[in-house]
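Just so you know, the working numbering puts 52 at position 46 of the sequence shown, and the rest follows in order with no gaps.
We put the CB at the ideal spot given by N, CA and C, even for glycine.
Since the structure is predicted, the reported quantities are computational estimates derived from the model, not experimental observations.
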Amino acid sequence: MIEVLDQRGQCVERFELMCSAIDGDIQSAEGSGAIAWRDIEWIESGQGDSIDADGNAWIAHIRPDKVWFEGLYNQGEGGEVSFEQYKLAVQTYVRYLADPQRCPIEVPFPD
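Here it is as structure tokens:
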């Protein structure tokens, strides 16, 4: 599971759609995690300026400055975050999935 917590350890509501989308569509570091990372690198390298990454349950609309989410099964739409926030969340979650012990990872998360 991926969560963005405030300093009191409470979930930050504005990141819930992003977390749900990442958790719902990335099942492994090598498979879907590698695909998500490839999409991030594609945008970051300037090879393209948009990608609508269609996963199992979500579409992540990735742009160089922002990312927003669309649930394929009425989970909601919106949850806009910056590209950098999305990149950090995916990177951290893929690291978590690659760890055989699945130890929690805490990283400072930008506003």
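Where residue i sits in the DSSP three-state scheme
i	result
C109	coil
S34	coil
F75	strand
V87	strand
Extent of the continuous beta strand (DSSP E) run through residue i
i	result
A59	57–60
A66	64–68
For residue i, the first and last residue of its enclosing alpha helix (DSSP H)
i	result
S38	38–50
Spatially closest choice to residue i from the options, by CA coordinates
i	options	result
D60	R69, F75, S26	F75
N62	R44, R20, L78, L94	L78
A27	S51, I49, V113, Y99	Y99
M7	C25, R44, D117	C25
R108	S34, H67, W43	S34
L23	I41, G37, H67	H67
For residue j and residue i, believed in contact at Cβ under 8 Å, the rounded distance
i	j	result
S88	R69	Incorrect: roughly 10 Å between the Cβ atoms, too far for contact.
G39	I32	5 Å
V96	I46	6 Å
L94	V73	About 11 Å separates the two Cβ atoms, so there is no contact after all.
Cutoff 8 Å: residue i Cβ touching any chain D Cβ
i	result
R101	Although the question refers to chain D, the structure presented lacks it and comprises just one protein chain.
Proximity test, residue i beta-carbon vs the ligand FMN heavy atom, cut-off 7 Å
i	result
M7	Looking for the ligand FMN in the displayed structure turns up nothing, as the structure carries no ligands at all.
message = So, does the region 73–88 touch the region 100–111, judging by three or more C-beta pairs under 8 Å?
response = Result no; under three Cβ-Cβ pairs closer than 8 Å.
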